[in-house]
Structures are given as structure tokens and as C-alpha cells.
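Protein chains in written order, with my numbering: chain A, 1 to 266; chain B, 267 to 532; chain C, 533 to 798; chain D, 799 to 1064.
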């Protein structure tokens, strides 16, 4: 399966402003990229730095006036695709150091407060089956409602209000997993069938890897049920949305417009 | 200067419980360790994993019944000690990838909401001078009040309530720095003169390194004014206290007692 | 049924401090009081003012040094006791002016954020049956856990954490009712069988009064299931716990001890 | 001075929905009303109930389809106008029962958390002078920024973010006053010179009334500095904005448009 991506967005700053961007399909073994192109307005400073867990890159740009971004890529997905249901949870003492931070509370995902709920609601299941139960619970109890949340909405807010968009679904999924001792991170991505078409966000949980005794791997989970792991093109990962915004501005900017197109090509 | 550390603590779990510990003086170039000893109760599972930014280690232990920990170390501090005041801020596009996540909002330190305050209160200063102004503002406006905060108190809470303990002072310092576009992280540590004697916490900010053109380095800042960077023995670092608790329990445990002794030895 | 109450508590203030107390059984038609006695330490200023909705009284005292309070009462309960299940909800436009404020969000009870949850979980029931469904849901999903909450815990916090004490159960009950358009208030009270014995708190909801066409009345509901409406001795009411604390201090005070005894006497 | 008011607004509900309105100039002794007219779309149910502290009225309407409201009034202001500066604070034990609830924390105004700040920032002043100091501090440190807050923004949020609109300024003013033991309430009103012209909100504090020994009175304070107490036409009062919204809908409604005109007429 190949996924074709094309995205354009524009914004402006009246005064010279540093902006951090992360919108490109990431070069990682699980997705092979072709036709990769990123075109941007001129900037006196552009710097690329490795993004979190070395998945993808962040771009620093210095912006004054209007700034246009145009990105295309064709991604062939090679990731391991497996049923989550039978996967074991790793014992905590078997978690590798790099998975441990994804157990901790982050800005939007504070798992500690959900331990009672998670234990009583999902206590009978374990590992992948527990993750599936969490995903289905969210899908059943939430309404996908564009405009119902803001950039500062937390998983706790969403849990109470029972609605949100992809970032909110991912935040709740991550929070539940952490409360159950399963490392979970936030994945910013492209996927077809996302309605309305836009950047997408899903969760990724760390469970046992059946092909590596004692080892673990990250598995995609989408509580919105809009994205199939076989078709997700990763942009980057983080503890939650605070880490992988497609645009973080360090000063006033005005966002002008954005189009995202994600299609299957064969 | 050599700093001698001795800490003991005990806790218990009625049922087998995974516990993550991080209490040991970290083996990092800036502090040379001697007389290092860690003795713990027996556990069916003990695992050591690298901690955040490879500073120090985390220990997983499986606990059932009472669990005792005893740790000693003598640390000679070699870190670069410099006046913060004249240090420049790095331009954002010159920040290395590993410093970037410390600009983002974390569980207890949401810099985004403090931009107006930080800009109006500290807008005239820059770089190290701005950091010093922030540190002094906190020292002037806060009362160090054991018992006034809880493990879920955020920097925003502390900013409103104007009191707290070392973690709260560090959280506010980190939050102000991030709001000004200066990466800042949380450092769990040992230091003499901390009253009452206990684990300590300070902030670390990323500013220009005068010895490396274009480069930056981390510098310790303690808004409680109890610890001198020349005498701080690092345990670990994180985005905030959520990342470097000395004890994180994944199930019910009862904390029994703790003693921390930190002295200068010549 | 007569309920005998005896309560004593002591606190101290090092400097002259105004303190507001509300601990006496309220003189209201629904409970006839005998053997009423309130003895307190001397104070340069004591003032009694009517409490909220003219249910009970608040006492202002000026305290310096130790202050002792001793209160006794025997209350015979005359309130209308009825099954809630068959009671109708009043149409909103039939609510009297004095019930309307109890629809609004208060410090600890913000009903607006729970509308989706309440509608999907309790949408099939109406009036008293809906209130009973809410009460049973809380009783089923919460663990009564002394020490799990603090004076600033909100209904939203409790809803997420699924535990608390009587004030938290009452706050969640009130919040759910308001989210369904049913006025609800907080009742501070005495009741036998409260374990551990202490001041108690329950909710009160405004539903149709079958004996008065078009009219409504307040009905007690206790989601902790520890108190029977036939045995509740009211102290006061408010929008939530912020309004009817037994002791509100306007300056530093140290609480020393408290005993509450509530028994049935024939 | 006479103030002429004219306001129109329209909203719609697809299904029959109860809506609570409070937009009319209140009939209270401090303002004499003329040319009073309220015209609304037909509704199967309209009920008027007394509003909080019997200041003004609330209207229940049952809405289906589009609903139009048109209100005019000419108000002559008779209220006591006095310099706040020299007014004394009432001792707490001299507060009448009806002022006491305005000391307590409400949904958007939790004074308890601001005691340290208020004591250190305004501790040297007392009574009316303290209120003026608070008002001036807010005016100096806040930016009036339409769109920067939402209906759920609290005084604590605004204090941190240092910006907001009239409701936010009033919330912070009320919160500061309560933290200093001065009862304070929220006043929804009309006033000329409000920019952009709209419903307005100010605070009201309870201080000594020099004309009544031992007595107190409510005094208007506007931290936005847009309204003069001599020209404020009250609509209603409450603990905070939760109590006196001009439109509270108990079901989905779509707001269509609103015009408010407030002019001086000689």
C-alpha cells in the first residue's frame, strides 16, 4: 500500500518570529518515502534538528511576513502489522529505559488520576486485550465533535466532556494505558479517510513483541477508528500533543490556511 | 569540594508491586563519585535502565513486604561554574535537538500561559540576566512552606499561592524560562544546607556556552537559594517532577521513613 | 424518631482572628429541636446571622488563644418522607426563583461540563427515577476513602478519581442533577451510622411535590448510602461545601480536635 | 443623568428548549426606569421569577425555531455616589447575613487561593483604599483583549494570563476582595463608553456606609475603567458570571446576533 500526501499551509508574522514546524513524513524504517519534497518561503534562518526518539525532524524557521509551506511524499508502509488482542504486556521491570518516560504524566495525559477508573473498568483484561478494551470504550462513549475542544483541553477534560477530536481521543487512550502501567505515546501522522481531512493523531502503546523474546515494540491504536495502522504515515512522536504540534510559534503569528490531501495510490 | 551523601528509606507493599526508584548520585562527568554503595532488600526482580538524557539510572524493583534502601556516595564536583548574568540566550534556531523538548509544556510546567506575565515582568532583560531576574523574583515573592503543596501542585498553582517547597520553586523557575523561549529542565539532587534536610530539586536552563561558539550548555539555578551549584550532586533530570520522583509506585505502597544526610568533607 | 447530637471541637489562633462557624442543628419546621445547648469559649465579639435560604444560623466569633465549642440537641424529624422514584421533574419554567440559583455552576459543582455524560448515562430516566439512577451509579462506581480528597477537590476531580468522602459524593450527585436541569444543593448535617462518626454531607434535589399541583420541594439524597432521610438533622445548606463549612477561618488557626456523637433515642 | 438603552438579540433552537434570560434593566431604587419595553417572540411558556438578591428578574422562555428579543429602557441613576478611598471595611462579625455568601468561593472566583498574594501586595491598605489599590493593580497589569478568554475562564486563569474582557476583570477584582475578607459580587449591567459596545460586567464590594453607623452598603468598582458608577444601569447580580448570564440555554441553541446601544440623554 502506498499513501500519497500533499499538504500546504500559510501563516504570517508581522515581526521577525521563530517558528518550529513538524509536518514532514518521517524517514523511519517502517515507512519508505518517495517523491519527497518540501518547499518553503525564504527565511534568514532555517535549521533542522532531530525530533523526539529520532523519529522525523523539526524545522526552525525565522518568519517575517507571509510564510508558505508545501510538502509532498509517497509512503510505502512496511511496519509490522499484528492483532493487538493476543499481545502480552511487558512486566514493568522488563521495560527498556527509552519506554519508561512514556509511563509518566505529561501536560495533557496525567495517568495517575485514572488508576481507580482503569482498574475497575478494564481490570479483567491484560496486555493487548486491555488496550483494545480501552480503545473500544472510548469509541463507544465519545462523540467526535470538531470545535468542542481547544489546544489546552486535557485528557481529564475530555474524559468528563465525552467529546473531542483526534488529539483528544489519543490523549484519553494514552492516559488510560499509562494508568494501567503500559507506556503510551502520541503520534502525529497522515492517514486517508480522516474526516474532515487534516493532520491526524493516534496513540502508540508499548507491548511485547512476539518475535523477540523479552522484547517489546510500539503498536498504533486509533480510538477514533478512522485510521488503519497499515495506512498511517508517521510525522513524529511525543509524550502528548505539546511535543508534536505541526506549528509552534514563539511570538504572535496569524494562521491563514491549510489543505491536507492523503490518498491511496495502488 | 567533596560532598558526602547518605540516604536511607523504607516502604512496604502488601502485594507484589513494581516500584521505580531514582535516588543514586548520577555517574556523569561533572561529578566524580567515590565510596559508592547501594544496598537494598532482596527482590525477585531488579533492573537498571538509563534515566532521562542518560543522566543517572532508574531502578525497577518488585516489592512484597518491607523494602529498605541504603545509599552512600562521595561526590567531587567538576562542573563548569560561571556567573549566569553575562550569558547570552541562544537563538531558537540554534538550539540542538535535545534541548528543544525542554521548551514544551509538561505536566507541572505549562509555559504557554505565562507569556504575558514573563514578557511584562522580565522583558527588559535577556539570557542569563533574565534567568537571574526570574530567580530573584521567585525568591522575593514566595514563602518556603513545607506542607503547603501536594504531589499534584502545578507551577500555575504555586504562582497563584506564592508558596511551596523546592519542587514548586523549580517548577515556577522552569515555567518562566520556557515562557521566555529558554529551555529548562528539572534536576533532582542532593545538596548541603537544605532545610529540612531531604532530597532537593532545582532548575537547569540552557544558555550559550562562552567556551563553544554557537554552542550551549545547561546551568543550574536554585530559586530557593538553598543550594550552590558548586555543591549540587545530581541524581537525574526530567521535564518536571513527574519524571524524576525518587519513588514511583505502580500499586499501593506505604512509605515508612526516610533520612537524608548531605555534608561537606573538605 | 429522635436523634441525639453531641459535638465538641477545639481550635486556636495565635492572633485575633475572625472565624465563621456553622455547626448547630437548624431550627426549621422539618425538625423539632429539644435540649438545645451551645457553649463556647469567651469571645470579644459573637454575632449570629441567618444562614443560606434562612436554614440555620452562622456564628461569627473573634478568637484569640484556644477556643472550645460544645453543642447538644435532640431532633425529632417531621419532614415529608417519600419514595423519590415516582416523583416528576418540574419543567424549568415552573421553577420558583429561589430554586433557580441551584441550577448554576458553583465552586465545586460545575454541571455544564457533564451534560454529555449525564445525557448518555441517565437520559432514559426522568425526575426522581433519574435522581435514583444517579445516586446508584455513584454508589456503584465510587469507593468511600477517607483521606483521598482535600478541601479543594471538585466534583470533576472526584468523577475522574472515583473516590472521596461524603462531601465528594454529595458534590458529584449535585453536579449530575444540575447537568440534567434539576436544581440541587449541598446539605451539611448530622446522621447516625456515619462511619467514621463526623459531620455529614448529603445532596438535596428539587422535584415536584405531589401534594401541591405545580409546586416543588427539596428531597434529600445520600449517594454514600450511610444516611436515611428520616434520620438526617440539617445544619445548613449551600451551593456546595464552600457555603457550609462548619469552620471558616479568616486568618491562621490550628485545629485541635473534634468529636461528633449522633445516636437514636427512641 | 439619564441613560438610554436599546438591545436586540436573536437565537434559535431546532428542538423545544428551555432558555433562561436576564437582560432587562432592573427595577431597583437606585435607578428609576422609563420607556421600559420588552418584546419577544411568541413562546408557549414564559415565566418571570425574581433574580438574585431580588435585583431584577429572570425570564424563562420555551424556544423552538428563531427567537427575537428587543428591550428598551431609560434609566435615571439615583445611587449613592461616593469616593471609595476613605470608606472603612466592616469587621467580619458586623457583616449582615446577606453579605456573608459573597465572602465564599464561587465557580469563577476562588478567593482562598489568593490570600498570600493579596496580603503581600495590598496588605498595607484597608477598606476602600485597598479596593482602589486592587482595581488599579488590575488595570495596570491586564490587557483588555476580546477573544482571549472563554466562558469557562476563571479568575485564576486570568490572573496568570494577564488578559481578558470585562467579566474577567470583574472576576479578578471579586476574587481579590474576597481574599481580603471583603464581600464582593458580580454585576451584569449596561454602561455607555463600553468598547466594543456590549453587555458589561463590573464588581460590587460591601464596605461601611458612612451614613449608617455600623451598617454597610454595596459599591460599584470597574477594573476595566470603562464604566462610571454614576452611569451604570444594573441588570442583575450574582456570585460571579455563572449566576447572571444574559442567556443560559438548557439544550442546544445557536446564537444569531446581538446589538447593544447605550447612550447618555441629558
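Don't be surprised by glycine CBs; every beta carbon is placed ideally from N, CA and C.
Residue 886 of chain D and residue 979 of chain D have their C-alpha atoms some 12 Å from each other. The three-state reading of DSSP puts residue 504 of chain B in strand, counting E and B together. Cβ-Cβ distances below 7 Å link residue 86 of chain A to 128 in the same chain, with the five nearest sequence neighbours on each side left out; the list follows chain order. A straight-line Cα-Cα distance of about 31 Å links residue 545 of chain C and residue 438 of chain B. Sixteen is the threshold: since fewer than 16 other Cβ atoms of the shown chains lie within 10 Å of the Cβ of residue 314 of chain B, the residue is exposed.
Where residue 829 of chain D is concerned, the enclosing beta strand (DSSP E) starts and stops at 829-838.
If you look at residue 332 of chain B, you'll find it in the beta strand (DSSP E) that goes 323-343.
For residue 1014 of chain D, the enclosing beta strand (DSSP E) begins and ends at 1014-1019. Within 8 Å of the CB of residue 205 of chain A, no CB atom of chain C is found; the nearest one sits about 21 Å away. Annotation: residue 667 of chain C to residue 706 of chain C spans about 10 Å, alpha carbon to alpha carbon. Among the residues facing chain C, residue 886 of chain D is not included, as its CB has no counterpart in that chain under 8 Å away.
With respect to the C-alpha of residue 1019 of chain D, the residue from D:1052, D:881, D:815 having the closest C-alpha is D:881. By the Cβ neighbour-count rule, residue 903 of chain D is buried, with 16 or more other Cβ atoms within 10 Å of its own. Contact check for residue 564 of chain C against residue 608 of chain C passes: the beta carbons are separated by less than 8 Å. Nearest CB-CB separation between residue 318 of chain B and chain D: not below the 8 Å threshold. Judged by DSSP in its simplified three-state form, residue 815 of chain D adopts strand. Taking the beta carbon of residue 957 of chain D as reference, the chain B residues within 7 Å of it are 426, listed in sequence order. Using a Cβ-Cβ cut-off of 7 Å, residue 782 of chain C is close to 890, 979 of chain D, given in chain order. For the C-beta of residue 937 of chain D, not a single chain B residue is nearer than 7 Å; the gap to the nearest is close to 14 Å. Bridge partners of residue 260 of chain A according to DSSP: A:7. Of the candidates C:730, C:695, C:738, C:683, the residue whose Cα lies closest to the Cα of residue 710 of chain C is C:738. Three or more beta-carbon pairs separated by less than 8 Å are not found between the segment 90-107 of chain A and the segment 136-145 of chain A, which leaves the two stretches without contact. Measuring C-alpha to C-alpha distances from residue 347 of chain B to each of B:477, B:282, B:435 identifies B:477 as the nearest.
Between the alpha carbons of residue 761 of chain C and residue 552 of chain C lies a distance of about 27 Å.
Going by C-alpha positions, residue 420 of chain B is about 14 Å away from residue 684 of chain C.
One thing to note: residue 503 of chain B has its Cβ no nearer than 8 Å to the Cβ of residue 458 of chain B. A distance below 7 Å between beta-carbons, with the five flanking residues on each side excluded, links residue 35 of chain A to the following residues of its chain, in chain order: 72, 73, 74. The DSSP-derived three-state label of residue 2 of chain A is strand. Here residue 670 of chain C really is in contact with residue 701 of chain C; their C-beta atoms are around 6 Å apart, less than 8 Å. Residue 214 of chain A and residue 239 of chain A have their C-alpha atoms spaced approximately 24 Å apart.
Taking a Cβ-Cβ threshold of 8 Å, the residues of chain D close to residue 409 of chain B are 914, in chain order.
For residue 312 of chain B, the number of other beta carbons within 10 angstroms of its own is below 16, and it is reported as exposed. Note: residue 46 of chain A is bridge-paired with A:61 in the DSSP secondary-structure output.
Among the residues facing chain A, residue 284 of chain B is included, as its CB has a counterpart in that chain under 8 Å away. DSSP lists no beta-bridge partner residue for residue 246 of chain A.
Residue 1005 of chain D carries a strand assignment under DSSP once its states are collapsed to helix, strand and coil.
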